[in-house]
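Counted from 1, the sequence shown has number 69 at position 69 by my numbering; the numbering is strictly sequential.
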Amino acid sequence: MDMIVQNFVGCDISKQWLDFFDEASGHYRRIDNQADAIAAYVAGLQPGRDFVVMEATGVHDRLLYRARSLHSTRHARYHYCPVCNFDQTGRRRSG
């Protein structure tokens, strides 16, 4: 019986760089928020295994979101405010 292996890769986005954390390996990596650096990083992802979770930051996430090879990898883009508001409703405990 084959197991479904899911690896979450979290991405924190700023104007100058992207901070990635790979859950499976426990590795943290910071790259420049530039198209060539993003393309090189995304090319190393495994489309059947990796799931990229990124924050929606307006203009600063556009290069990652538009990266051609990211679209062959499962990904989700979340806006900070609704997640924060959901947490504050009491439906989910923090920490």
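C-beta: ideal position from N, C-alpha, C; glycine also.
| request: Run the CB neighbour count on residue 19, radius 10 Å, all protein chains shown included, and call it buried at 16 or more, exposed below. | output: Your numbering for residue 19 matches position 19 in the sequence shown. Classification for residue 19: exposed.
| message | So, with DSSP's three-state summary, where would you put residue 44? | response | Looking up residue 44 in the sequence shown gives position 44. Note: residue 44 maps to coil in three-state DSSP.
| message | Only counting the same chain, and skipping five residues up and downstream in sequence, which positions put a Cβ closer than 6 Å to that of residue 30? | response | Taking the sequence shown and counting its residues from 1, one reaches residue 30 at position 30. The beta carbon of residue 30 sits closer than 6 Å to the beta carbons of 17, 19 from its chain, once the five residues preceding and following it are set aside; these are given in chain order.
| Inter-residue spacing [alpha-carbon to alpha-carbon] between residue 39 and residue 51 | Against the sequence shown, residue 39 aligns to sequence position 39. Against the sequence shown, residue 51 aligns to sequence position 51. Computed Cα separation, rounded: 16 Å.
| message | Among 15, 77, 23, whose alpha-carbon lies nearest the alpha-carbon of residue 5? | response | Locating residue 5 in the sequence shown gives position 5, counting from the first residue. The shortest C-alpha separation from residue 5 is found at 23.
| task | Pick out whichever of 64, 73, 58 has its Cα sitting closest to the Cα of residue 37. | result | Within the sequence shown, the letter at position 37 stands for residue 37. Looking from the CA of residue 37, the closest CA among 64, 73, 58 belongs to 64.
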